[in-house]
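Listed in order, the protein sequences are those of chains U and X. Under my numbering, the first residue of the first sequence is numbered 600, with each subsequent residue one higher. Under my numbering, the first residue of the second sequence is numbered 600, with each subsequent residue one higher. Cβ coordinates follow ideal geometry from the N, Cα and C atoms, glycine included. Below is one structure, written out as structure tokens; comments come after it.
Number of protein chains: 2
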Amino acid sequence: MLALTKKTGYGLIAMAHLASLDGQKVSSAREIASTSGVPAGLLMNVMKELCAAGYVESVRGAHGGYRLARRPDEINLADLIGAVERPVRLVECVTDEAGERECTCELMARCPIADPVHRVHRKLNDFLKKVTLAEIVEPCLLEKFSSGQTAG
Amino acid sequence: MLALTKKTGYGLIAMAHLASLDGQKVSSAREIASTSGVPAGLLMNVMKELCAAGYVESVRGAHGGYRLARRPDEINLADLIGAVERPVRLVECVTDEAGERECTCELMARCPIADPVHRVHRKLNDFLKKVTLAEIVEPCLLEKFSSGQTAG
DNA sequence: TCAAACCGAACCATTTTGGTTCCATATAAT
DNA sequence: ATTATATGGAACCAAAATGGTTCGGTTTGA
């Protein structure tokens, strides 16, 4: 459908939330969920994936939670998508993000559009790599500095 | 999954095929299917949709088939996607291609990322609008003019 | 009249998504 | 120690989307 999944959307919302925290503070998945209105159980799963992918750090046990593991401008949409949903793949016959063909699509031999479409795929990926969490999160940060830390 | 559906891929292949025909010649869905190795029944459906959307013209009856209804440089990927699959929609809360919100997403009121994500959606759409059939089809056209009409 | 082609509409199996639930482990507070 | 709260890991399921088929109808050239 050429759409992000809800998991990615929820992940973005959660990362935006975490970006609005200061210092080493953590926020639990349940907390993020209730603040943002996202289903808690699903968000828990997403957070685990974000953690496994190294975008957030977890603190276990009571008063635990998550915090960002990288600066927002070091996190881009393409990688984030790869962490919580299947990787971007404009067409089936391109599996790695560089757009190289590795598959054994039977159409490939006579497919008249493989090369140009792979080129488009690479351009799409470049585009997504340029979209950073920093710019998605920007209004949240503004809010953070103007309204004095009401989140949480 | 942020991927085109196979229908869109098949549609592109078919349009590329049609672009390689000269003049007012038509090619039947079955013919395109057997040439390109795409499942015939499904391609028939896709062709109907492309026809309904005005990208190809149909000639009914024996010796009928399809031909392009527009110049390849007047057909862009964003519109084509809209014709054969559900429209591009980076997130749920944006339904029209301009990226304006029209939905009534309950998260909207407290969603911290709606505006930036909509901005990204618009940029994605602009990108897809710039990808024309002409550039996807280019190698086919080269083949057409160099090897003297072997296709079909 | 017949066969080839489009037209319209169901119909179905598989895959993906969205979401829940359960159990195990870690840890702060009592 | 016990308990409440958290993550970690994995299975599980329903709903939606996709990929593909099929059937009956209409048009039209031979």
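Looking only at DSSP bridge pairs, what is residue i linked to?
| i | result |
| --- | --- |
| U/S626 | U/Y665 |
| U/N675 | U/T731 |
Within 10 angstroms of its Cβ, does residue i collect 16 or more other Cβ (buried), or is it exposed?
| i | result |
| --- | --- |
| X/S633 | exposed |
| U/H616 | buried |
| U/P638 | exposed |
| X/V658 | exposed |
| X/R688 | buried |
| X/G608 | buried |
| U/G664 | buried |
| U/G610 | buried |
| U/A651 | exposed |
| X/A618 | buried |
| X/A661 | exposed |
| U/Q748 | Residue confidence is low: U/Q748 scores 45 on pLDDT, short of 50, so the model does not pin down where it sits. Its coordinate-derived value is still stated next. Answer is exposed; the Cβ neighbour count stays below 16. |
| U/S746 | Because U/S746 carries a pLDDT of 48, less than 50, the predicted location of this residue cannot be relied on, and no value is offered for it. |
| U/G751 | A caution first: U/G751 carries a pLDDT of 28, below 50, which makes its placement in the model unreliable, though a value can still be read off. Flag for U/G751 reads exposed. |
Starting from residue i, follow the alpha helix (DSSP H) in both directions and report where the run begins and ends.
| i | result |
| --- | --- |
| X/V645 | A639 to A651 |
| U/I612 | K605 to A618 |
If you follow the beta strand (DSSP E) that residue i is part of, which residue opens it and which one closes it?
| i | result |
| --- | --- |
| X/R655 | According to the sequence displayed, residue 655 of chain X carries Val and not Arg. Start and end: V655 to V658. |
Chain X partners of residue i, CB-CB under 7 Å?
| i | result |
| --- | --- |
| U/L642 | Ordered by position in chain X, no residue passes the 7 Å Cβ test against U/L642, which lies about 12 Å from the chain. |
| U/I712 | L611, I612, A615 and I735 |
| U/V730 | V719 |
| U/L649 | Those do not exist, as U/L649 stays about 15 Å from chain X at its closest Cβ, beyond 7 Å. |
For a contact meaning CB atoms closer than 8 Å, what does residue i contact in chain U?
| i | result |
| --- | --- |
| X/E684 | M600 and L601 |
| X/V716 | G608, L611 and I735 |
Chain X partners of residue i, CB-CB under 8 Å?
| i | result |
| --- | --- |
| U/I680 | L601 |
| U/R688 | M600, L601 and A602 |
Can you name the residues of chain X whose CB is closer than 9 Å to the CB of residue i?
| i | result |
| --- | --- |
| U/L667 | The premise fails here: U/L667 is roughly 14 Å from chain X at the closest Cβ pair, so nothing lies under 9 Å. |
Please list the partners that residue i has in chain U, where partner means a Cβ-to-Cβ separation under 7 Å.
| i | result |
| --- | --- |
| X/L620 | Chain U residues near X/L620: none, gap ~13 Å exceeds 7 Å. |
Original post:
Pairing CB atoms from the region 717-725 of chain U with CB atoms from the region 623-637 of chain X, are three or more of them under 8 Å?
Top reply: no
Original post:
If we count Cβ pairs, one from each stretch, closer than 8 Å, do we get three or more for the region 617-628 of chain X versus the region 638-657 of chain X?
Top reply: yes
Original post:
Any chance the region 665-681 of chain U sits against the region 728-735 of chain U, with 3 or more Cβ pairs inside 8 Å?
Top reply: yes
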